[in-house]
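Reading through the structure tokens given below for one structure.
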Amino acid sequence: DTEVTQTPKHLVMGMTNKKSLKCEQHMGHRAMYWYKQKAKKPPELMFVYSYEKLSINESVPSRFSPECPNSSLLNLHLHALQPEDSALYLCASSHPGQGREETQYFGPGTRLLVL
Amino acid sequence: AQSVTQLDSHVSVSEGTPVLLRCNYSSSYSPSLFWYVQHPNKGLQLLLKYTSAATLVKGINGFEAEFKKSETSFHLTKPSAHMSDAAEYFCVVISTNAGKSTFGDGTTLTVKP
């Protein structure tokens, strides 16, 4: 099973709302990633968790707050977002540290619209 | 340091003709290289990967790619395009153990009937 699931598929929120994106995998992967993808652009890395610890934060604004409750789950908490944060948010997972064979498996994404 | 350049932002082919999507990379270390496909409003699907084994890599849906170290290239090919191949294709490089991958800007493949 190489499936990464993400919920919700679509989300519309106002700039004062608080919402969360969820990601789950059952492949035994111990690295999980959040990416942001704008239209017609490649995914941009936001955060990496390795063994449930935050290992990379690509200078993401604090209105995005990641959480990794266990090895299978990854959340992205959203608060006070701006319209320019509207994008497709992708989650991925991989085996960390196995040389360079860190094949990432992606979920279908959450399409976020901030009004 | 690592980088990826996808040489064509758009490629258009007729159904049944060959596909060539070009990717060049730079890397301070021996890289792992990947091709992903993204259909509209979908996530990224792994097509194939090179991780220092055979230089000719076969992937899903009839795609293959050849790693050429001397040319720092990893071009994606398919002998005969199908309408369902129309999508965005990303070339990705990883050359460290830091968990960071670098994406190319993507190539949009259009398949004409």
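So the sequences go chain by chain: A and B.
Sequential numbering from 1045 applies to the first sequence in the numbering used here.
Sequential numbering from 49 applies to the second sequence in the numbering used here.
C-beta: ideal position from N, C-alpha, C; glycine also.
Exercise. Per DSSP, what kind of secondary structure is A/M1057 in: helix, strand or coil?
Worked result: Under the three-state reduction of DSSP, A/M1057 is assigned to strand.
Problem set entry | beta strand (DSSP E) runs wholly inside the stretch 133-158 of chain B, at least 3 long, in chain order | Positions of the beta strand (DSSP E) runs, each at least 3 residues long and wholly inside the stretch 133-158 of chain B, are given as 135-142 in order along the chain.
Exercise. What is the DSSP secondary structure of A/E1128, counted as helix, strand or coil?
Worked result: In the structure shown, A/E1128 adopts helical secondary structure according to DSSP, grouped into three states.
For this session: Select from the stretch 1072-1100 of chain A all residues with a C-beta closer than 7 Å to any C-beta belonging to chain B, and list them in chain order.
Result: Taking 7 Å as the Cβ-Cβ cut-off against chain B, the residues of the stretch 1072-1100 of chain A that qualify are A1075, P1086, P1087, L1089, V1092, S1094, S1099 and I1100.
Exercise. Is the beta carbon of B/D106 sitting closer than 9 Å to the one on A/L1089?
Worked result: Checking the displayed sequence, the identity of residue 106 of chain B turns out to be Lys instead of Asp. In this structure, A/L1089 does not lie closer than 9 Å to B/K106 by Cβ.
Problem set entry | The beta strand (DSSP E) enclosing A/R1155, as first and last residue numbers | Boundaries of the beta strand (DSSP E) around A/R1155: T1154 to V1158.
Exercise. Is it true that the CB of B/V141 sits closer than 9 Å to the CB of B/V52?
Worked result: Yes.
Exercise. Given that a residue counts as buried once 16 or more other Cβ atoms are within 10 Å of its Cβ, and exposed if not, what is B/G91?
Worked result: Counting every other CB atom within 10 Å of its CB across the protein chains shown gives B/G91 a total of 16 or more, marking it as buried.
Exercise. Helix, strand or coil: how does DSSP classify A/N1114 here?
Worked result: In the structure shown, the three-state DSSP call for A/N1114 is strand.
Exercise. Does the count of Cβ pairs from the stretch 1124-1138 of chain A and the stretch 115-122 of chain B closer than 8 Å reach three?
Worked result: Taking 8 Å as the limit for Cβ pairs, the verdict is that the stretch 115-122 of chain B does not touch the stretch 1124-1138 of chain A.
For this session: Identify the contact partners of A/Y1133 in chain B, using a Cβ-Cβ distance below 9 Å as the criterion.
Result: Per Cβ cutoff of 9 Å: no residues; A/Y1133 is ~10 Å from chain B at best.
Exercise. Residues bridged to B/H123 by DSSP?
Worked result: Per DSSP, B/E114.
Problem set entry | Cutoff 8 Å; reference A/Q1081; Cβ partners in own chain excluding five residues on either side | If you ignore the 5 residues before and after A/Q1081, its C-beta comes within less than 8 Å of the C-beta of P1087, E1088, A1131, L1132, Y1133, L1134 and G1153, all in its own chain and listed in chain order.
For this session: Return the bridge partner residues of A/K1062 from the DSSP annotation.
Result: In the DSSP output, where bridge partners are listed per residue, A/K1062 has A/H1123.
For this session: Determine whether the Cβ of B/S121 lies closer than 9 Å to any Cβ atom of chain A.
Result: False, the Cβ-Cβ gap to chain A never drops below 9 Å.
Exercise. Does the Cβ-Cβ distance between A/L1159 and A/L1122 come in under 9 Å?
Worked result: Their beta carbons are not under 9 Å apart, which means A/L1159 does not touch A/L1122 by this criterion.
Exercise. Thinking C-alpha only, which one of B/G64, B/W83, B/E63 and B/P161 is nearest B/N72?
Worked result: The shortest C-alpha separation from B/N72 is found at B/W83.
Exercise. Ordered along the chain, which non-local residues of its own chain (more than five positions away) have a Cβ less than 6 Å from that of B/S128?
Worked result: The beta carbon of B/S128 sits closer than 6 Å to the beta carbons of G64 from its chain, once the five residues preceding and following it are set aside; these are given in chain order.
Exercise. When we look at the beta-carbon of B/T155 and count the other beta-carbons within 10 Å, is it buried (16 or more) or exposed?
Worked result: It is buried - the Cβ of B/T155 has at least 16 other Cβ atoms within 10 Å.
Exercise. Could one say the Cβ of B/I142 lies closer than 9 Å to chain A's Cβ atoms, at least one of them?
Worked result: Yes - at least one Cβ of chain A is within 9 Å of the one on B/I142.
For this session: State the start and end residues of the unbroken beta strand (DSSP E) segment that holds A/Q1050.
Result: A/Q1050 -> beta strand (DSSP E) spans V1048 to T1051.
Problem set entry | Run of the beta strand (DSSP E) containing A/I1100, from where it starts to where it stops | Counted as a single uninterrupted DSSP element, the beta strand (DSSP E) harbouring A/I1100 occupies residues K1097 to N1101.
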